[in-house]
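Rendered as structure tokens:
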């Protein structure tokens, strides 16, 4: 697994907007720097050359902040 995105913003502690460094699939599991699951990809937005992912954070996720590096694990669908 390699670095795929950087947190740009967190909305109401439940949604994170992440600038992507590659392609991700909807439903992919999002992992923090410790490789702990923090949420799932709900949508991909923005221009094709500079996409962003909308991440729905899991309940109880705390400490995620702007600039944090995230990783993505494809869904098994």
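Numbering (the numbering used here), first residue to last: 726 to 802.
Note that beta-carbon positions come from the ideal geometry of N, C-alpha and C, so glycine has one too.
Put simply, of 801, 772 and 752 the residue whose alpha carbon is nearest the alpha carbon of residue 782 is 752. By the CB criterion at 9 angstroms, residue 736 and residue 778 fall outside the cutoff. Taking 3 residues as the shortest admissible run, the stretch 728-797 contains the following complete beta strand (DSSP E) segments, listed from N- to C-terminal end: 728-736, 740-745, 754-756, 762-770 and 777-782. A straight-line Cα-Cα distance of about 9 angstroms links residue 792 and residue 734.
Less than 9 angstroms separates the beta-carbon of residue 780 from that of residue 740. Residue 729 counts as buried, since no fewer than 16 other beta carbons sit within 10 angstroms of its beta carbon.
Between residue 747 and residue 755, the C-beta spacing is not below 9 angstroms.
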